[in-house]
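Undergrad: Pasting a structure here, questions to come.
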Amino acid sequence: MKHNRQVNHILSSYFAPRGQNRMYSLGMQLAQLYLQPTDKLIGVIGEAGSGKSALLRGMFPGLELTNDDDGVYIRPLPLLNINSGFSFFAPHTYHVDIRFENGFTQMSVLAEAITEALQCGRRVIVEHFDLIYPFLNFNANLLIGVGEQVLISRPTLFGPDPKEIKDTVYQSLPYRLMAHTAEDLCELCMPKELVEHCSHDDVKHGFVISFPDNKPDLDIAKLEKRVNELIAQNLPITYVDKGHVSIGAHVHACTGPRMHVSNTGMVKNFHLLGHFIYDHLTKSYMLVGCVGDNAEKNLRKLDAQQEKQSDLIYEE
């Protein structure tokens, strides 16, 4: 039987946005590009706080997650509550969080339930797929890893192995959490009227805050100094609700309140590019920041790259 595959597709990579709505949008895009009706086993890999749930809600609107973002877990687990078998009226798509469920159910039982559901034509979405993979002995139809980037693969007999995806996304996630925290600290130190009209984008190990039309009256060097002062204070960062995070004594509006380090001192080597970059296409001024060991080097590289691109654009 001939299988309908995306021929020659090995691995695709996307920046993992930090805002919840942007994760929803990316999930919708990935579903349109990669998801096929014949895909029955979807494996998802990523640490807590990486945005897996938001991505899945974008890919599968209406899906009932058994571990929602408010910590409410559906019991008993629908996938295991099938004593009478999969009836005509049973759900088509099931979700299971292996890391959580393993605290209540043996891996072999979870693997058997997943296999039975697949044999009955159901689709199963498995978070922390790397944990159950050794018990299944077969790979997912579609494998998704969430770290600083979203990796999406359609594995063949030759891989990639779930561990390869895990090693990549687990290693990169700290940069994403540090960058998001630094981004929110910048907003915390900027005038409110600027924050209300800015938009956000991503770069490797960093972030972009864009301001439409007019160049902001903002001293970038002072902003960087103030943010580094807050980082040095080791302020605790905690989730407040779906739209806010607390940074020390400050409650700050945030569209990805779970995607942070636990205190500001965990943000390493934060730097801002010393000038705004003008985007001719969107007619906006961009403030670029980076974190990590090579932050200054990455900023210089980004600056050089955008200068080359600007030379190709003719002003009207």
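Take the sequence shown: its letter number 36 is residue 38 in the working numbering, and every next letter is one higher. Each residue gets a CB set at the ideal place from its N, CA and C atoms; glycine is no exception.
Does DSSP classify residue 212 as helix, strand or coil?
TA: strand
Undergrad: May I ask you to list the residues that DSSP assigns as paired with residue 160?
TA: None, per the DSSP bridge assignment.
Undergrad: Measuring CA to CA, which of 148, 37 and 94 is closest to residue 50?
TA: 148
Undergrad: When DSSP builds the beta bridges, which residues end up paired with residue 292?
TA: 208 and 273
Undergrad: Taking Cβ positions, are residue 258 and residue 272 nearer each other than 9 angstroms?
TA: no
Undergrad: Under 9 angstroms, do residue 20 and residue 178 count as touching if we go by C-beta distance?
TA: yes
Undergrad: Exposed or buried, residue 232, counting other C-beta atoms within 10 Å across all chains shown (16 or more means buried)?
TA: That one is buried.
Undergrad: Since residue 202 sits in a beta bridge, which residues does DSSP pair it with?
TA: 211
Undergrad: Less than 9 angstroms between the C-beta atoms of residue 57 and residue 29, yes or no?
TA: Yes, these two residues count as a Cβ contact at 9 angstroms.
Undergrad: What are the boundary residues of the beta strand (DSSP E) that residue 147 is part of?
TA: 144-148 is the span of the beta strand (DSSP E), which, as asked, contains residue 147.
Undergrad: Quick one: what does DSSP say residue 23 is sitting in, helix, strand or coil?
TA: helix
Undergrad: Considering only the beta carbon of each residue, do residue 97 and residue 186 sit closer than 9 angstroms?
TA: no
Undergrad: Going along the chain, which residues of its own chain have a beta-carbon closer than 6 angstroms to the beta-carbon of residue 250, five neighbours each way excluded?
TA: 237
Undergrad: With a cut-off of 8 angstroms on the beta carbons, I'd call residue 175 and residue 52 a contact; round off their distance for me.
TA: 6 angstroms
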